[in-house]
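A.B. asks:
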Amino acid sequence: MIAAGLAGAVEVMDRLWQFGGWEVTQTHDSLRPYLLEETYELLDAIQHSDAETIKEELGDLLLQVLFHSRIAEAAGEFTVDDVAAALVAKLVNRSPSLRDTEFAADTTLEEKIAAQESAWEERKSAEKARRSCLDGIAMAQPALALAEKVRERSSKAGLPDDLIPAELTVVHLGGPDSAEERLRKATVEFAAAIRATEDAAELARGERAPLTAAEWRKYWT
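Those letters in the sequence shown? Residues 1 to 221, by UniProt numbering.
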């Protein structure tokens, strides 16, 4: 049974915590390299469509969830059960298909997906009380993924394409700095300009509200 397997994994983590020496010395920060490494190993397994390796690497990621949860439990912050409960609550709140939402009989799959995506973003924004279109983006992710995410969010927020810097449209190889460093620097600066523009618009209008293309250009810093 799924529940039995998960319960067994939690029990093993508890035993490691009680009797292992290395485990109790770890922190959320010290485990970061392992989390990143396991994530890349899972991505590699997915790329090769290797089901057995995918299963193994998912288990390694599950270990990271259990490990971080055990560290938090020892600090009196939360348990792995709290993590699971929070996930269930979030999914039910954000997904129309998990609530008492009914679609018309002639609703297409594309329309259902669009409704789900819209509801997801709407409820996600309400939960996080976000002030910027970029809030919630993990700035520590690899530069290319970060640049794509920032561009995606800013485009959805109505930012005109002509305000996107050239450094985020073409990746240049070679030179004294690595392509990763140059792209990260350009993306961070672009993100800062977006936030500054949102702040300038709020100051001028007296409220925090979505910007039109004209307003993005007017307040662009």
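Heads up, the beta-carbon is just placed ideally off N, CA and C, and yes, glycines get one too.
Would you mind working out which of A45, V92, Q47, T27 sits nearest V65, comparing C-alpha positions?
C.D. replies: Considering only alpha carbons, the answer is T27.
A.B. asks: Pop quiz: E57 and E38 are said to be a contact at Cβ under 8 Å. What is the actual Cβ separation, rounded to whole angstroms?
C.D. replies: So it is a contact: roughly 7 Å between Cβ atoms.
A.B. asks: Can you find at least 3 beta carbon pairs, one from the segment 148 to 160 and one from the segment 179 to 186, that sit closer than 8 Å?
C.D. replies: Counting Cβ pairs under 8 Å, fewer than three are found: no touch.
A.B. asks: Is the beta carbon of A147 sitting closer than 9 Å to the one on T108?
C.D. replies: No, these two residues do not count as a Cβ contact at 9 Å.
A.B. asks: Quick check: what's the CA-CA separation for L16 versus L61?
C.D. replies: Spanning the two alpha carbons is a distance of roughly 16 Å.
A.B. asks: Measuring straight from C-alpha to C-alpha, what distance separates E11 and W22?
C.D. replies: Going from the Cα of E11 to the Cα of W22 covers about 17 Å.
A.B. asks: In terms of alpha-carbon separation, which member of A143, Y219, G136 lies closest to L203?
C.D. replies: Nearest C-alpha to L203: Y219.
A.B. asks: Are the Cβ atoms of S132 and R205 separated by less than 9 Å?
C.D. replies: Their beta carbons are not under 9 Å apart, which means S132 does not touch R205 by this criterion.
A.B. asks: Distance check for L6 and A201, CA to CA, integer angstroms please.
C.D. replies: Answer to the nearest angstrom: the Cα atoms are 49 Å apart.
A.B. asks: Buried or exposed: which applies to E198, given that a residue is buried once 16 or more other Cβ atoms fall within 10 Å of its Cβ?
C.D. replies: Buried, by the Cβ-count rule.
A.B. asks: CB-CB under 6 Å to R70, same chain, minus the five flanking residues each way: which ones, in chain order?
C.D. replies: M13, W17, listed in sequence order.
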